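**Q** Structure incoming, see below.
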Amino acid sequence: MWRAFFLACGIFACILGAQCLAVDTFVWAGESQTAPGTPATVFGSPPAAIGSPRQDLQPPDWAAWSLLSTGAVVILYSLTLNRQG
Numbered sequence: 000m001w002r003a004f005f006l007a008c009g010i011f012a013c014i015l016g017a018q019c020l021a022v023d024t025f026v027w028a029g030e031s032q033t034a035p036g037t038p039a040t041v042f043g044s045p046p047a048a049i050g051s052p053r054q055d056l057q058p059p060d061w062a063a064w065s066l067l068s069t070g071a072v073v074i075l076y077s078l079t080l081n082r083q084g
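Sequential numbering of the sequence shown, starting at 0, is according to numbering that gives the first Met the number 0.
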């Protein structure tokens, strides 16, 4: 079980590092501020306002390579663990 856990963590770190190499800025949409009289849509919540606040995340240059190398080391570690059962 530990082997699979460490393997999954290493793969996740490698994928996140590769994403940081490919993407310059991550943009998350914030909570939308809607007027109190805005009707709901068929699917529940009203549509997001055009000028909703945004949050941007720019990963530092070292983050991508650190995540890739850490993920590779963790993957290699998981492959050296003894199999149980």
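Ideal Cβ placement from N, Cα and C applies to all residues, glycine included. Predicted model only: the values in this text are computed from it and were never measured.
How close, in whole Å, do the beta carbons of residue 26 and residue 55 come, if the pair is a contact with beta carbons under 8 angstroms?
**A** Sure, about 5 angstroms apart at Cβ, within 8 angstroms.
**Q** Going by Cα to Cα distance, which pick from 1, 15, 3 is closest to residue 88?
**A** Since the first residue of the chain shown is 0 and the last is 84, residue 88 is not available in this structure.
**Q** What span of residues does the beta strand (DSSP E) with residue 26 cover, start to end?
**A** From DSSP, the beta strand (DSSP E) with residue 26 extends over 25-28.
**Q** With H, G and I counted as helix, E and B as strand and the rest as coil, what does DSSP make of residue 54?
**A** Of the three classes helix, strand and coil, the one that applies to residue 54 here is strand, per DSSP.
**Q** Could you check whether residue 73 and residue 19 sit closer than 8 angstroms to each other, using their CB atoms as the reference points?
**A** No. Outside cutoff.
**Q** How many angstroms separate the CA atom of residue 79 from the CA atom of residue 58?
**A** Going by the C-alpha atoms only, they are around 31 angstroms apart.
**Q** So residue 18 is in the alpha helix (DSSP H); what residue range does that whole segment cover?
**A** Note, residue 18: alpha helix (DSSP H), 1-21.
**Q** Quick one: what's got a C-beta closer than 8 angstroms to residue 13's C-beta in the same chain, skipping five residues either side?
**A** The residues are 66, 67, 70, 71, 74.
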